[in-house]
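What follows is a single structure, written as structure tokens, with notes after it.
Chains as they are written, first to last, in our numbering: chain R, 1 to 149; chain G, 1001 to 1164.
This is the structure we're talking about:
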């Protein structure tokens, strides 16, 4: 397998996120373990909340985004993890049955000054639902190994 | 939760602590973030992390679990004193998230959250928006995660919104 290194990224490049269909069972299972608020657990309790019905925890959407990114392109990249997330917006609820898709767009490249073996690629990540609406928008740098000589 | 009006800027809440086990680190990673340094001890040792460490998204999910537990505890204490609990959530997002240090197997992370700001919501009458800084610290006293979260919280009365 030929890995994608820091040198293989360029500004404007678009990398796909692998699509994922979200089930009610996985929404409730994630919420029960990590975010047991009524609007993530139960339709009746969710109906009278600001979300207006059962919706995935935003942290679940984040975790699914990571999985979609892994299967979309990180599994073939020389990833060294990430130092953080500059901003992340949950724009719309993610509902049972939603098929999520999206893309990571390269917005900036920066070689590390202190560590010559790595660089930072800054991405804008867009996650859409099956109706073409954006449900999550994030911007973050991912650390990638430089191509070994 | 307390109502929007009762929340004091600068107030810090201790949310409790969680010890990360190898089993749960791998289980979360296999579901959501199967990069080798979150999945396999040998691969992690060969990486710049040096040891198996949790996905940063796992650290956040644990923060949320402790945060919800804290909110439920506050609601129970209010109920015991005859006070109504305020509804909270959802959140429009977060910013300035920093994964400062890896969370390794056996690390015990203590989480706290501080109210940075509050304002009445323009888009949702009867609700306010809180800005919170949350921090996770390991057993050595080192900060491992820091981020600024935003969350809607119910108001007791409809406060006129401030300009955004």
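Cβ coordinates follow ideal geometry from the N, Cα and C atoms, glycine included.
First through last residue of the alpha helix (DSSP H) which encompasses residue i
i: residue 1030 (chain G); result: 1022-1032
i: residue 1067 (chain G); result: 1056-1080
i: residue 1006 (chain G); result: Note, residue 1006 (chain G): premise wrong, no alpha helix (DSSP H); not H, not E.
8 Å Cβ cut-off: residues of chain R touching residue i
i: residue 1033 (chain G); result: 63, 66, 67 and 70
Among the options, nearest to residue i - alpha-carbon criterion
i: residue 45 (chain R); options: R:33, R:34 and R:28; result: R:28
i: residue 1006 (chain G); options: G:1136, G:1148, G:1119 and G:1100; result: G:1119
i: residue 1057 (chain G); options: G:1071, G:1031 and G:1140; result: G:1031
i: residue 1141 (chain G); options: G:1155, G:1131, G:1101 and G:1148; result: G:1101
i: residue 154 (chain R); options: R:141, R:112 and R:6; result: This structure cannot speak to residue 154 (chain R), because chain R is shown only from 1 to 149.
i: residue 1010 (chain G); options: G:1145, G:1133 and G:1122; result: G:1133
i: residue 133 (chain R); options: R:111, R:119, R:26 and R:100; result: R:100
i: residue 1015 (chain G); options: G:1084, G:1028, G:1072 and G:1039; result: G:1072
i: residue 1106 (chain G); options: G:1053, G:1114 and G:1129; result: G:1053
Residue i, enclosing beta strand (DSSP E) - first and last residue
i: residue 1150 (chain G); result: 1143-1154
i: residue 4 (chain R); result: Looking at the DSSP string, residue 4 (chain R) is not in any beta strand (DSSP E), and its letter there is neither H nor E.
i: residue 1018 (chain G); result: 1012-1019
i: residue 1124 (chain G); result: It is not in any beta strand (DSSP E) - residue 1124 (chain G) carries neither H nor E in the DSSP assignment.
i: residue 49 (chain R); result: Looking at the DSSP string, residue 49 (chain R) is not in any beta strand (DSSP E), and its letter there is neither H nor E.
Chain-ordered neighbours of residue i on chain G, where CB pairs are closer than 9 Å
i: residue 83 (chain R); result: 1098, 1099 and 1100
Assumed close pair residue i, residue j - CB separation to whole angstroms, cut-off 8 Å
i: residue 22 (chain R); j: residue 96 (chain R); result: 6 Å
i: residue 150 (chain R); j: residue 18 (chain R); result: Lying before the first or after the last residue shown, residue 150 (chain R) is absent from chain R, which here runs from 1 to 149.
Interface residues of chain G facing residue i [CB-CB closer than 7 Å]
i: residue 19 (chain R); result: Residues of chain G passing the Cβ test: none, with the nearest at roughly 15 Å.
i: residue 89 (chain R); result: 1092 and 1093
Listed by chain order, chain R residues near residue i by CB distance under 9 Å
i: residue 1056 (chain G); result: 66, 81, 82, 84 and 85
i: residue 1061 (chain G); result: 30, 33, 34, 35, 57, 59, 60, 62 and 63
Proximal residues of chain R, C-beta to C-beta of residue i below 7 Å
i: residue 1048 (chain G); result: 80
Contact set between residue i and chain G, taken where Cβ atoms lie within less than 8 Å
i: residue 165 (chain R); result: Given a span of 1 to 149 for chain R in the structure shown, any question on residue 165 (chain R) remains unanswerable.
*In chain order, what residues of the segment 1083-1103 of chain G put their CB closer than 9 Å to some CB of chain R?*
1087, 1088, 1089, 1090, 1091, 1092, 1093, 1094, 1095, 1096, 1097, 1098, 1099, 1100 and 1102
*Give, in chain order, every residue of the segment 38-58 of chain R whose Cβ lies closer than 8 Å to some Cβ of chain G.*
39, 49, 50, 51, 55, 57 and 58
*Residues, ordered as in the chain, of the segment 1121-1152 of chain G that lie near chain R by beta-carbon distance below 8 Å*: 1124, 1127, 1147 and 1152
*Near-chain A residues of the segment 92-107 of chain R - C-beta to any C-beta below 7 Å*: Of the chains in the structure shown, none is chain A; the protein chains are R and G.
*Taking a Cβ distance cut-off of 9 Å, strictly less, list which residues of the segment 1060-1080 of chain G are near chain R, in chain order.*
Those would be 1060, 1061, 1062, 1063, 1064, 1065, 1067, 1068, 1069, 1071 and 1072, in chain order.
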